[in-house]
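Presented below is the structure to which this report refers.
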Amino acid sequence: MSYLCADFTMFVSHSHTNRLFLSLLMLLSAVMARADNQLDTLKIETDTITLRELTVTGALHPVVQRGDTLIYDVASFPLPEGSRLRELLLRLPGIEVTADGVVTAQGKPISYLLLNGREFFSGNRSIVLDNLPAGVLLDVKIYERVQKDEEDTGIRSRTDRVMDLTTMPDNNRGWFADVTGAGGYDRRYSVNANASRFDEQYQHMISASADNLPEAFGLGESFYDKLEKSSQTGDSHHRNVSVILGRKTSHWDTSGSISYTNTKTDQGAESFTEHFLTTGRLFSRTSSEGVDRTHAITASGHIERRDSMTTITFDPQVSWSKQRSENKYLGASSTRALNEVLEWDDLAFSPFLLNRQTTANSDDTRVWDASLTARLRRRLSAKGRALTATVSWSLTDMNSHASSFAETKYYRTESDERQSRYSDAPDRDHQVNVRVAWIEPISKYVKLKGEYGFSFRHERIQEKVFADSVYSPQRSRDATYRFINQIARLLVQWSPSEELFLSIGGHYNPVASSINYRKEGFELKKTRRVDNLAPELNFYYRSKHGWNLTAQYSGSTRQPSLLSLLPIVDDTDPLHLRVGNPGLKPSFLHQVNTTFFYFDQNSQTQVNLQGIGLWEVHAMTDVVEVDPVQGIRRTSVTNVEGCRQFGGSWNISSGFVPGSHWTLDFQGDLTHARRVGIQEERENVTSATSSSIVDKPFVTHQTLLRQYIGLQWHPGIVSVKPYGFCSYNGVRTRLLSKDPSNLWLLGVGLLFRLESLNGWSAAIDASRQSRRGFTEAVDNDDEWLVDFEVAYAFLKGRSAEVRLQVCDLLRQHSFARTATSAAERVEATYPHSVTNYILLSFTYRFSLMGR
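Each residue of the sequence shown is one higher than the one before, counting from 4 in my numbering.
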């Protein structure tokens with residue numbers, strides 16, 4: 004018989020002639036002695052004792068911290084039968100999951116999702132979130148892991164936040180499966196089948212699903228979704244089939260996945276745009292509707308060979324996608340903000356209107372992607388000398404067929420324009436990256452890392468354009484772009500313990516690129532070179548009192564796209580012309596990050612504070628020239644200085660006192676950005692060959708605040724959580740000094756859950772939100788949003804479940820969002836969004852193979 008504890012294993016053998024008596028004091032003494040010394044065989048005199056009753060009492064902490072790892076005990080967060088990983092993560096303090104599958108922990112995105120310490124499906128994370136049964140999990144771990152090229156080297160200059168899911172030992176055998184079918188109001192449906200197997204050697208999951216449910220509803224959804232509602236809420240259909248297979252032995256770790264996705268989404272939007280000009284403001288309004296269809300197949304693999312000194316990995320991936328979009332637009336530009344929808348009387352508004360346009364577009368795009376990454380990590384000595392090498396290759400082959408028809412009326416010139424356009428644009432992009440690093444121990448606590456990286460990129464685009472069914476050489480383009488990026492990096496790390504390290508260094512980054520552009524009667528060759536030099540700093544300290552501090556500084560290069568470099572006018576939209584700038588330079592981004600984290604196990608308090616500062620040199624920004632007569636906008640790109648951003652975030656959860664049934668959730672962020680753009684009025688922008696505006700910057704200041712607070716009471720099977728949230732988006736320019744833009748979203752709500760022991764569960768999430776400051780009067784209103792569900796699990800082992808879900812936005816209005824740049828402010832609403840549904844589902848769970 005063996006008894007397994009956290010730090011040791013005690014083996015007890017039974018004898019028919021001897022009796023056993025274990026002294027608790029002797030056992031504790033053995034544990035304390037083991038901490039410092041290697042114990043020999045411990046002989047214990049045998050005896051027997053009969054206990055009438057043994058009661059073990061103690062505080063069970065839902066969240067504990069071991070080193071820099073935060074561990075959530077899944078059993079401490081009760082869930083309804085059949086819940087998935089997404090429902091579990093939404094209940095864990097400090098963790099947020101958005102509708103589109105983005106997972107954050109303590110305010111930082113999760114880079115890798117592991118299962119029992121192994122990487123598990125690197126593709127669409129929503130597949131795992133919506134199909135992995137939460138009932139098979141024992142705990143959830145959150146920690147920082149060094150990036151793959153620094154594993155087993157002792158260097159910790161770059162880390163990723165990782166979520167590691169541990170399955171329960173009882174579930175580490177056999178296959179577990181479930182099937183769900185649902186139907187509801189307005190022909191809503193959902194079908195899902197899932198089978199999974201997890202043990203010490205195998206990790207498999209097979210799932211298939213089809214539904215037409217919106218993504219923007221859900222009980223206890225992320226506060227990011229409540230504040231932004233930026234997920235697609237139009238009528239949509241989803242189909243997905245995915246297979247994930249993995250096997251691990253003593254030296255080999257192999258896994259692979261393949262998935263097929265088919266989506267169809269109906270879209271409809273209305274937008275109001277305010278353009279900032281140095282001489283005034285220009286306004287435009289659009290109304291659009293359309294449909295997007297996407298088919299995608301993705302296959303990926305992971306092969307790893309590891310021993311005590313060497314690790315070799317291969318990560319291949321292949322994907323194919325086909326997308327077709329069909330859209331119709333109705334828009335207009337004016338010198339005054341017009342609040343009416345686009346059913347205007349031309350005569351009534353003719354003094355203010357510049358133009359009105361109707362367009363119809365369709366686009367068919369096919370993309371092939373292939374990539375392969377190989378890594379080698381080799382330990383060369385026991386003292387820490389190591390060699391790492393990474394080689395990656397990727398190929399993207401894209402072909403786009405687009406057609407458009409535009410009819411435009413110009414009021415002030417009393418003229419009309421019609422344009423029919425078709426284009427065929429194949430685009431092929433090759434990339435090769437090589438990175439080699441040497442780690443040399445200087446002393447017991449000091450290591451030196453030297454690194455060299457080389458990247459080569461070759462892209463060619465050949466676009467043929469036909470105007471009114473006639474080939475147009477002036478609009479066609481044949482361009483080749485070559486890019487070489489090198490980086491030499493030197494880093495010194497001092498780390499006297501696991502709790503403290505400091506690394507200081509810098510890198511030299513020469514960048515060379517060339518563009519060769521040809522069209523009929525014209526050829527352009529442009530070569531450029533930019534040298535970047537930046538220091539680097541990484542500091543980490545973990546206190547024995549439960550807090551840690553991280554500070555980082557780094558610099559990185561941003562390259563312009565090929566289309567931003569081509570000096571050719573793109574007139575797909577006659578009112579919004581775009582032209583590239585061959586003289587555009589790469590930008591260089593300086594970034595400073597600081598993070599403070601504190602955890603108190605007794606009160607279950609987490610405090611995470613982050614600060615960020617960004618400063619961009621040679622920032623790329625739009626140069627916009629507007630024709631004041633026709634309202635045509637011509638946009639190019641140039642380099643400017645003075646773009647910077649500062650901000651911070653806070654994420655606090657607390658249980659107040661040990662054993663308390665109350666939990667506080669307080670999180671938010673504040674950002675202030677200074678953006679520089681260039682906009683000016685200029686007549687005859689369509690005939691200009693290049694921009695003449697190079698030194699007239701226009702500064703926009705934007706302040707963004709988001710805040711969420713919730714107070715939860717959970718004494719047992721009942722959970723009550725009142726909450727409130729708000730967001731503020733303020734824009735300042737010199738044109739808006741007397742009329743600033745202040746957009747507010749305020750809301751309060753209540754989340755109630757009841758989970759009984761006899762299979763019943765119920766929950767309701769009701770919130771009321773108010774919007775203020777929008778230009779559209781209809782957007783400044785108050786709304787109720789209600790999510791409700793009740794479920795009953797029955798049959799032996801609760802293997803069957805019936806669930807009723809109701810969601811209703813109690814006013815037929817749209818979700819709204821805003822976007823701001825140095826050049827403009829956009830308010831968008833979605834009047835055709837799905838605002839309610841009722842769904843009744845049945846789920847049956849079973850085991851395909853026993854123990």
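By construction, the Cβ of each residue, glycine as well, lies at the ideal position given by its N, Cα and C atoms.
Worksheet item: Rounded to a whole number of angstroms, what is the C-alpha to C-alpha distance between His548 and Asp784?
Response: Pairing His548 with Asp784, the inter-Cα distance amounts to about 48 Å.
Worksheet entry | Where Ala36 sits in the DSSP three-state scheme | Any reading at Ala36 must be qualified, since the residue scores a pLDDT of 42, below 50, and its modelled position is unreliable; the value itself is stated next. Of the three classes helix, strand and coil, the one that applies to Ala36 here is helix, per DSSP.
Worksheet item: Got a sec? Which residues, its chain only, sit under 8 Å from Gln604 by beta carbon, not counting five neighbours each side?
Response: Closer than 8 Å at Cβ, skipping near neighbours: His64, Val66, Val67, Gln68, Gly549.
Discussion item. Output needed for Phe797: all residues of its chain with C-beta closer than 7 Å, excluding positions within five of it in sequence on either side, in chain order.
Written reply: Cβ neighbours of Phe797 beyond the five flanking positions: Gly762, Ala803.
Worksheet item: When DSSP labels each residue in this structure, what does Gly334 get in the three-state scheme?
Response: Three-state result, Gly334: strand.
Discussion item. Can you tell me whether Glu99 is buried or exposed? The criterion is at least 16 other CB atoms within 10 Å of its CB, across all chains shown.
Written reply: It is buried - the Cβ of Glu99 has at least 16 other Cβ atoms within 10 Å.
Discussion item. For Phe275, which residues in the same chain have their Cβ closer than 7 Å to its Cβ, ignoring the five residues on either side in sequence?
Written reply: Shown here for Phe275: same chain residues with a beta carbon closer than 7 Å to its own, the five before and five after excluded, namely Arg288, Thr778, Glu779, Glu830 in chain order.
Practice prompt. Compute the beta-carbon to beta-carbon distance between Ile315 and Leu375, rounded to the nearest angstrom, for a pair I have assumed lies under 8 Å.
Written response: With 8 Å as the limit, Ile315 and Leu375 do not qualify as a contact, their Cβ atoms being about 13 Å apart.
Fill in: Gly719 CB to nearest heavy atom of the ligand SAM below 7 Å
Looking at this structure, you won't find the ligand SAM or any other ligand, since it has none at all.
Worksheet item: Out of curiosity, what's the CA-to-CA distance linking Pro661 and Ile655?
Response: Answer to the nearest angstrom: the Cα atoms are 17 Å apart.
Worksheet item: Could you give the distance in angstroms between the alpha-carbon of Thr821 and the alpha-carbon of Arg532?
Response: Here the alpha carbon of Thr821 sits roughly 38 Å from the alpha carbon of Arg532.
Item to complete: Give the C-beta separation of Ile113 and Val194 to the nearest angstrom, bearing in mind that I take them to be a contact with Cβ-Cβ under 8 Å.
Response: Rounded to whole angstroms, the Cβ separation of Ile113 and Val194 is 29 Å, and the two are not in contact under 8 Å.
Item to complete: Classify Ala377 as helix, strand or coil using the three-state DSSP reduction.
Response: Ala377: strand per DSSP, three-state reduction.
Practice prompt. Going by DSSP, name the residue or residues bridged to Gln772.
Written response: Note: Gln772 sits in a beta bridge opposite Gly750, Glu786.
Practice prompt. Please list, in chain order, all residues of the same chain as Phe849 whose beta carbon is under 7 Å from its beta carbon, the five residues on each side excluded.
Written response: Within the same chain, Phe849 has close Cβ partners Ala180, Ser802.
Discussion item. Can you tell me where the alpha helix (DSSP H) holding Arg561 begins and where it ends?
Written reply: Judged by DSSP secondary structure, Arg561 falls outside any alpha helix (DSSP H) and instead within the beta strand (DSSP E) spanning 550 to 561.
Discussion item. Can you tell me whether Arg128 is helix, strand or coil according to DSSP?
Written reply: In the three-state DSSP reduction, Arg128 falls in the helix class (H, G or I).
Practice prompt. Return the residue from the list Gly97, Phe80, Gly110, Gly104 that minimises the CA-CA distance to Leu673.
Written response: The residue with the shortest Cα to Cα distance from Leu673 is Gly110.
Item to complete: Report yes if the C-beta distance between Ser446 and Phe486 is below 8 Å; otherwise report no.
Response: For the pair Ser446 and Phe486, the CB atoms are not nearer than the 8 Å cut-off.
Worksheet entry | First and last residue of the uninterrupted alpha helix (DSSP H) at Leu95 | Neither: Leu95 is in no alpha helix (DSSP H) and is coded neither H nor E.
Practice prompt. Select from Val805, Arg756, Val793 the residue whose C-alpha is nearest the C-alpha of Phe80.
Written response: With distances taken between Cα atoms, Phe80 lies closest to Arg756.
Discussion item. For Ser260 and Ala302, what's the separation of their Cα atoms in angstroms?
Written reply: Rounded to the nearest angstrom, the gap between the Cα atoms of Ser260 and Ala302 is 6 Å.
Worksheet entry | Helix, strand or coil at Ile841 according to DSSP, with G and I counted as helix | It is a strand residue.
Worksheet item: So what's Arg463 in DSSP terms, helix, strand or just coil?
Response: In the displayed model, Arg463 falls within a strand according to three-state DSSP.
Worksheet item: CB-CB under 6 Å to Ala841, same chain, minus the five flanking residues each way: which ones, in chain order?
Response: The residue asked about is misnamed: residue 841 is Ile in this sequence, not Ala. So the list reads Gly187, Tyr188, Val809, once near-sequence residues are dropped.
Worksheet item: Would you report the Cα separation of Thr313 and Leu118, rounded to the nearest angstrom?
Response: Going from the Cα of Thr313 to the Cα of Leu118 covers about 23 Å.
Discussion item. Could you check whether the region 421 to 438 touches the region 401 to 410, counting it as contact only if at least three pairs of C-beta atoms, one from each stretch, sit closer than 8 Å?
Written reply: Yes, since at least three Cβ pairs between the region 421 to 438 and the region 401 to 410 fall closer than 8 Å, the two stretches touch.
Item to complete: Please decide whether Thr393 counts as near chain C, where near means a Cβ-Cβ distance under 8 Å.
Response: Of the protein chains in this structure there is only one, and it is not chain C.
Item to complete: Could you name the residues of the same chain whose beta carbon sits closer than 6 Å to that of Glu619, not counting the 5 residues immediately before and after it, in chain order?
Response: Excluding sequence neighbours, Glu619 sits near Ser590, Leu592, Cys646.
Worksheet item: At what residues does the beta strand (DSSP E) containing Ser290 begin and finish?
Response: Segment 283 to 309, the beta strand (DSSP E) holding Ser290.
Practice prompt. Taking Ser567 as the reference, give the member of Asn839, Glu122, Ile464 with the closest Cα.
Written response: Restricting attention to Asn839, Glu122, Ile464, the CA atom closest to the CA of Ser567 is found in Ile464.
Worksheet item: Are Thr169 and Glu147 close, meaning C-beta to C-beta below 8 Å?
Response: Cβ atoms of Thr169 and Glu147: not closer than 8 Å.
Worksheet item: How would you call Ile130, buried or exposed, if buried means at least 16 neighbouring beta carbons within 10 angstroms?
Response: Counting every other CB atom within 10 Å of its CB across the protein chains shown gives Ile130 a total of 16 or more, marking it as buried.
Worksheet item: Taking just the CA atoms, how far does Val294 sit from Gln270?
Response: Straight-line spacing of the CA atoms in Gln270 and Val294 works out to 6 Å.
Fill in: Beta-bridge pairing of Val439 - partner residues as DSSP gives them
Note: Val439 sits in a beta bridge opposite Ala392, Tyr455.
Worksheet item: Roughly how many angstroms lie between the CA atoms of Gly456 and Lys529, to the nearest whole one?
Response: It is roughly 25 Å from the alpha-carbon of Gly456 to the alpha-carbon of Lys529.
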